[in-house]
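> The structure under discussion is supplied below as structure tokens; questions concerning it will follow.
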Amino acid sequence: MQQIATSESQIMDYFKTAGAHLTKEKETIAEIYAEVLACKSFVNNKDLIRALLERLECESDVVKLDIYRNALEAVLQRTPGDIF
């Protein structure tokens, strides 16, 4: 649980401190975070990744697709890899 909370706080901290960079992506992540949090007691990076992939699969607007791709890239870059 601690690892999940740490990963979650790391990604949210990154988006809070990203400044003007990735503004639309921050808004998208915040929106997804709120949607998932309404259904679950906590949100982890896998939840964000899953939601972004679902949006990428359903979207046809190229601008929104770019925002989702950039947001997904940012989440993936800040998600620790699985330890075997």
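So for the sequence shown, the UniProt record's numbering puts the first residue at 1; every next one is plus one.
Ideal Cβ positions, reconstructed from N, Cα and C, are used throughout, including at glycine.
Let me know the secondary structure DSSP gives Asn44 once reduced to three states.
Working through the sequence shown from its first residue, we reach residue 44 at position 44. The answer is coil: DSSP assigns Asn44 none of H, G, I, E or B.
> Is the stretch 21–34 touching the stretch 63–71, taking contact as three or more C-beta pairs under 8 Å?
They touch, by the three-pair rule.
> Considering only their Cβ atoms, is the gap separating Ala51 from Glu73 smaller than 9 Å?
Numbered from its first residue, the sequence shown carries residue 73 at position 73. Numbered from its first residue, the sequence shown carries residue 51 at position 51. No, Cβ-Cβ distance for Glu73 and Ala51 is not below 9 Å.
> Can you tell me where the alpha helix (DSSP H) with Leu72 in it begins and where it stops?
Mapped onto the sequence shown, residue 72 falls at position 72. 62–77 is the span of the alpha helix (DSSP H), which, as asked, contains Leu72.
> Do you know how far the Cα of Pro80 is from the Cα of Ile29?
Within the sequence shown, the letter at position 29 stands for residue 29. Within the sequence shown, the letter at position 80 stands for residue 80. Cα-Cα distance, rounded: 18 Å.
> State the Cα-Cα distance for the pair Met1 and Asn44, rounded to the nearest angstrom.
Indexing the sequence shown from 1 puts residue 1 at position 1. Indexing the sequence shown from 1 puts residue 44 at position 44. Because Met1 sits at a pLDDT of 47, beneath the cut-off of 50, its placement in the model cannot be relied upon, and the following sentence gives the value as read from the coordinates. Distance between the alpha carbons of Met1 and Asn44: 10 Å.
> Span of the alpha helix (DSSP H) holding Glu25?
Taking the sequence shown and counting its residues from 1, one reaches residue 25 at position 25. Note, Glu25: alpha helix (DSSP H), 23–39.
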